[in-house]
Amino acid sequence: MLQREDTKLVSVKPGFNEIYMNLAVDLAARSHCVRAQVGAVLTKDTRIISIGYNGPPAGTHNCDEEWPDAGCARDSRGSCSLALHAEENAILYAARNGSKIEGGTLFTTLSPCIACARLILSSGIKVVVYKDSYAEYKGLPSDEGVDFLKRFGVEVNKY
1 MLQREDTKLV
11 SVKPGFNEIY
21 MNLAVDLAAR
31 SHCVRAQVGA
41 VLTKDTRIIS
51 IGYNGPPAGT
61 HNCDEEWPDA
71 GCARDSRGSC
81 SLALHAEENA
91 ILYAARNGSK
101 IEGGTLFTTL
111 SPCIACARLI
121 LSSGIKVVVY
131 KDSYAEYKGL
141 PSDEGVDFLK
151 RFGVEVNKY
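Be aware that the sequence shown starts at 1, since it is given in the UniProt record's numbering, and climbs by one per residue.
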């Protein structure tokens, strides 16, 4: 990126937060969910450890191909019965590959739901940066996942 400073052009390097959130947004576009596309990037010490986006487990059905109009069936709470959340996929992939995520930072396009918040806390992630509110998306009165994480000492920031 170039920025004009008086009469010369100066290169402006994007910060890591911007790079990671842009990557999370790009990853969200990979999602097969017909209702919401969410991306996540798990980092530690300015390095990417893992990435994820919401979608069904490998080897099952892609919602946009199998049910292009309505998406997969809903569970008792109105959530996808099939899909893993972006945060879950990023954490599970890291664990499967032996990456140490304790003390890491998670960038996600949607603030964590309560179930993902429990997983984030249990995995030792210390910072969560999110772009949009899960509560606003779901029409809930508050971001339970954000409240939960803050209550137990995880730093949570809106991007």
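Beta carbons are placed, not taken as given, at the ideal position from N, Cα and C, and that holds for glycine. Since the model is a prediction, treat every value here as computed from it, not as a measurement.
Asked, Found
"If you run the structure through DSSP and keep just helix, strand and coil, what is Phe-152?", "coil"
"Using the Cα positions of Asn-17 and Ala-115, report the straight-line distance between them to the nearest angstrom.", "24 Å"
"Spatial neighbours of Cys-63 within its chain, please: C-beta separation below 8 Å, excluding the five flanking residues on both sides.", "His-32, Cys-33, Val-34, Gly-55, Pro-56, Gly-71, Cys-72, Cys-80, Leu-82 and Ala-83"
"Under the three-state reduction of DSSP, which class applies to Ile-114: helix, strand or coil?", "helix"
"Kindly list the residues whose CB is nearer than 6 Å to the CB of Val-129, restricted to its own chain and excluding five residues on each side of it in sequence; keep chain order.", "Phe-107, Asn-157 and Tyr-159"
"Restricting to Cα atoms, I'd like to know which of Val-154, Ile-19, Arg-47 and Val-25 is closest to Ile-125.", "Val-154"
"Among Ala-24, Gln-37, Met-21 and Ile-49, whose alpha-carbon lies nearest the alpha-carbon of Arg-96?", "Ile-49"
"In the DSSP assignment, the beta strand (DSSP E) including Lys-44 goes from what residue to what residue?", "39 to 44"
"Using 10 angstroms around the beta-carbon of Phe-148, count the other beta-carbons present and answer buried if the total reaches 16, otherwise exposed.", "buried"
"From the DSSP secondary-structure annotation, give me the bridge partner or partners of Thr-108.", "Ala-40 and Tyr-130"
"For Ile-91, report the span of its alpha helix (DSSP H) as first-last.", "86 to 96"
"Is the beta carbon of Asn-22 sitting closer than 8 Å to the one on Gly-52?", "no"
"Distance check for Lys-8 and Ala-117, CA to CA, integer angstroms please.", "47 Å"
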